[in-house]
Amino acid sequence: MPKHRVFLAAPPGADRAGFRAEVLAGLAPGLLAAVPGLSALSACLVDATPAVPPWQRPGEAPAPAEPAFDAVIDAWGEGAALEEALGWLAPRIAGLPQASIRVAETVEKDELSRPAGGPAPGVKFLALMCFHEDLPPATARRLWTHHAPLALRVHVGMGRYVRDWVEAIAPDDLPVPRFGGVAELHFPSAEVMAAQWFDSEAGRQAIIHDVGHFLERATRLYTTEHVLKA
Numbered sequence: 001m002p003k004h005r006v007f008l009a010a011p012p013g014a015d016r017a018g019f020r021a022e023v024l025a026g027l028a029p030g031l032l033a034a035v036p037g038l039s040a041l042s043a044c045l046v047d048a049t050p051a052v053p054p055w056q057r058p059g060e061a062p063a064p065a066e067p068a069f070d071a072v073i074d075a076w077g078e079g080a081a082l083e084e085a086l087g088w089l090a091p092r093i094a095g096l097p098q099a100s101i102r103v104a105e106t107v108e109k110d111e112l113s114r115p116a117g118g119p120a121p122g123v124k125f126l127a128l129m130c131f132h133e134d135l136p137p138a139t140a141r142r143l144w145t146h147h148a149p150l151a152l153r154v155h156v157g158m159g160r161y162v163r164d165w166v167e168a169i170a171p172d173d174l175p176v177p178r179f180g181g182v183a184e185l186h187f188p189s190a191e192v193m194a195a196q197w198f199d200s201e202a203g204r205q206a207i208i209h210d211v212g213h214f215l216e217r218a219t220r221l222y223t224t225e226h227v228l229k230a
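If you read the sequence shown in my numbering, its first letter stands for residue 1, the second for the next number, and so on.
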């Protein structure tokens, strides 16, 4: 099913917690009320950043003190419904730091209950992936696809694993490095995420080696998903 993701950040100097609360209480339910034809809708608040990240590749720069975004709107639906949703959102998010992406979604694992009407359990981790610049898109996509079985075997704690290939991205002037894919690893709790990101040290080394073939860097977001419609 067609899917669109919109990443939003609070205006500079604004209260970020207050902005996230407004997305959850106002923007997301307003969108669903305005476009009831959406097949599914979630608001993911970037409020679950751990004090210590569950992993970091050797030599990778430390994550910034504050996340790049504060909320993510995930919408599924047929083309007309998604276009209507984006049209409704446009004037309401104008001027905000943002990234809007149309994606091809591949659900690799779906064993986490996410009923509508409240927060899904645990932490929904999103990696906005920048592939090596010298890789043609088709090659990057193929390498990432081949990575999926290893991820399923090694990231033992995740209950849901989704890969989103970015088909279109806007605006041109993004607040983060331009990215070509979004990896979604949803863990049933923060404790499971910390303890079961990898199955073993050998698994950790295998992941480091494999992602090195295609991943240059990533913007990481740790979110709580609120499911408005499933």
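All residues carry an ideal CB built from backbone N, CA and C; glycine is no exception.
The ligand ADP and residue i: does the residue's C-beta get closer than 7 Å to at least one heavy atom of that ligand?
i	result
P2	As presented, the structure is devoid of all ligands, the ligand ADP included, so that no description of it is given.
Taking only the alpha-carbon atoms, compute the straight-line gap between residue i and residue j and give it to the nearest angstrom.
i	j	result
P175	Q98	7 Å
L126	D134	24 Å
A81	A218	30 Å
P171	L38	23 Å
A21	P11	14 Å
V72	R5	7 Å
K3	E105	7 Å
H186	P119	13 Å
A9	A68	7 Å
E84	P177	28 Å
E54	G30	According to the sequence displayed, residue 54 carries Pro and not Glu. Cα to Cα, P54 sits roughly 35 Å from G30.
V52	I169	30 Å
To which residues does DSSP link residue i through a beta bridge?
i	result
V123	F187
G118	V227
L128	V182 and T219
F7	V72 and A99
Quick test of your reading: residue i and residue j, contact by CB under 8 Å. State the CB separation rounded to the nearest angstrom.
i	j	result
R160	L221	Going by Cβ atoms, the distance from R160 to L221 rounds to 15 Å, so no, they are not a contact pair.
F131	L32	At roughly 33 Å, the Cβ-Cβ gap does not stay under 8 Å, so F131 and L32 are not in contact.
G157	V123	G157 to V123, Cβ: 10 Å. No contact.
L27	R92	6 Å
F19	D70	5 Å
H213	L128	The pair is not a contact, with the Cβ atoms about 18 Å apart (cut-off 8 Å).
Cβ pair count under 8 Å reaching 3, the region 88-98 against the region 147-162: no
Along the chain, which unbroken stretches of the alpha helix (DSSP H) at least 4 residues long are found entirely within the region 32-116? 79-93
Validate contact between the region 220-228 and the region 36-54 using beta carbons, cut 8 Å, 3 pairs: yes
For the region 160-230, which segments carrying the alpha helix (DSSP H) assignment without a break, of at least 4 residues, lie completely within its bounds, in sequence order? 190-195 and 201-211
contact_flag[the region 48-62, the region 135-143] where n(CB pairs < 8 Å) is 3 or more: no
Can we say the region 160-169 touches the region 181-192, given the rule of at least three CB pairs closer than 8 Å? yes
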